[in-house]
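Residue numbers are given in full-length UniProt numbering: position 69 of the sequence shown equals residue 69, and the series is strictly consecutive.
We treat Cβ as the ideally placed atom computed from N, Cα and C, and that holds for glycine.
Scroll down for the structure; my scribbles are underneath it.
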Amino acid sequence: MHSLQSQFNLSEAKNQKRFKGCYLLESVKVKITDTGWPVRIATIRDVENWDFLELRLLGNNFLAINHFVGDYVQLEAAIKRCKNDLFYYLAWYEPVTGFLMESSEKRQSHYVVKQVSRDACLQSLRKRIVLFLNTSEQSLCFDILKNFSDGFSTNAIKNLCEKLPSLSNNQLIVELACLMEKYGSDISSIGHLLNQLENKRPYRVWEQKLLGE
Numbered sequence: 001m002h003s004l005q006s007q008f009n010l011s012e013a014k015n016q017k018r019f020k021g022c023y024l025l026e027s028v029k030v031k032i033t034d035t036g037w038p039v040r041i042a043t044i045r046d047v048e049n050w051d052f053l054e055l056r057l058l059g060n061n062f063l064a065i066n067h068f069v070g071d072y073v074q075l076e077a078a079i080k081r082c083k084n085d086l087f088y089y090l091a092w093y094e095p096v097t098g099f100l101m102e103s104s105e106k107r108q109s110h111y112v113v114k115q116v117s118r119d120a121c122l123q124s125l126r127k128r129i130v131l132f133l134n135t136s137e138q139s140l141c142f143d144i145l146k147n148f149s150d151g152f153s154t155n156a157i158k159n160l161c162e163k164l165p166s167l168s169n170n171q172l173i174v175e176l177a178c179l180m181e182k183y184g185s186d187i188s189s190i191g192h193l194l195n196q197l198e199n200k201r202p203y204r205v206w207e208q209k210l211l212g213e
């Protein structure tokens, strides 16, 4: 394991193109970029709690990392330039506390039972979304499932599946967007995302939902 004495403080790490160390995983949230698209961000903090740094989680990598929020993780991060944007991204990580204390056999058994039900519900959602006639709405919903569904609780996914027969397409779009909000994105970001759709009905449904109508 990497020595805590030899690793960079995050104030020092910010001057490096690439660094490794053991840091506290403080949060995993969704943020909206300047181009209006959601990205997953992991916030890490020094062992001494002096400084923090945001790491972008690229593509659909590290979907299970939210399970280790509040734990220390061994990680490597690096700088990436994308057009005019410069940011740190997570290259790899390995949990070192909490989750690893469970026996491997117990954890695997629990995972398999939950995963069968979870995967069936996600498949039902995908089958419904593929029937959308509007490709931008379809793309948005598929992107939410692809990039963020691992952060949704199994109960939340089950509840959404149970409501599927009674939901219109517009309502389903809003339900998925609201799950993103529970996962870490703020309300204004969800509104911005829905408002970008050519079809404004999901945005209006979302507004009515906020007002309790």
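Residue burial classification, residue i (beta-carbon count within 10 angstroms, cutoff 16)
i      : result
Arg40  : buried
Lys106 : With a pLDDT of 49 at Lys106, under the threshold of 50, the modelled position of that residue is not reliable, and the figure given next carries that caveat. It counts as exposed.
Ile206 : The question names Ile, but residue 206 is Trp in the sequence shown. So Trp206 ends up on the buried side.
Phe65  : At residue 65 the sequence reads Ile, which differs from the Phe that was named. Ile65 comes out buried.
Ile190 : buried
Lys14  : exposed
Cys82  : exposed
Leu140 : buried
Val73  : buried
Asn195 : exposed
For residue j and residue i, the rounded distance between their alpha carbons
i           : j      : result
Leu122      : Asp46  : 36 Å
Ser27       : Thr43  : 5 Å
Leu90       : Asn199 : 35 Å
Gln138      : Gly151 : 20 Å
Pro202      : Ala120 : 26 Å
Gln7        : His67  : 24 Å
Ala77       : Leu55  : 7 Å
Ser188      : Leu57  : 21 Å
Glu12       : Lys20  : 12 Å
Tyr124      : Thr33  : Checking the sequence shown, residue 124 turns out to be Ser, not Tyr. One C-alpha to the other measures close to 30 Å.
Lys146      : Ile173 : 14 Å
Ala156      : Thr35  : 29 Å
Gly59       : Glu48  : 31 Å
Gln171      : Lys158 : 16 Å
Glu162      : Arg204 : 23 Å
Asp71       : Leu210 : 33 Å
Cys178      : Leu25  : 24 Å
Gly212      : Ser168 : 18 Å
Ser136      : Val130 : 12 Å
Leu75       : Gln208 : 43 Å
residue 218 : Asn134 : The chain is shown from 1 up to 213; residue 218 falls before or after that span and cannot be answered.
Asn84       : Lys182 : 30 Å
Whole-number beta carbon distance between residue j and residue i, since they are thought to touch under 8 Å
i      : j      : result
Glu175 : Leu197 : Their Cβ separation, rounded to whole angstroms, is 15 Å, which puts Glu175 and Leu197 out of contact at 8 Å.
Phe62  : Tyr23  : Not confirmed; about 14 Å, so no contact.
Leu193 : Pro95  : Rounded, the Cβ-Cβ distance is 31 Å, inconsistent with contact.
Thr154 : Arg118 : 5 Å
Asp51  : Leu86  : About 19 Å; that fails the 8 Å criterion.
Met180 : Phe132 : Contact doesn't hold; Cβ gap of about 18 Å is too wide.
Proximity winner among the options, relative to residue i (alpha-carbon distances)
i      : options                         : result
Arg18  : Phe132, Lys80 and Cys178        : Lys80
Asp143 : Gln7, Gly21, Val30 and Phe8     : Val30
Tyr88  : Ile129, Ala177, Val73 and Leu53 : Leu53
Pro165 : Leu25, Arg128 and Gly212        : Arg128
Practice item. Scan the region 142-201 and note each continuous alpha helix (DSSP H) run of 4 residues or more that stays entirely inside, going in chain order. Key: 154-163, 169-183 and 187-195
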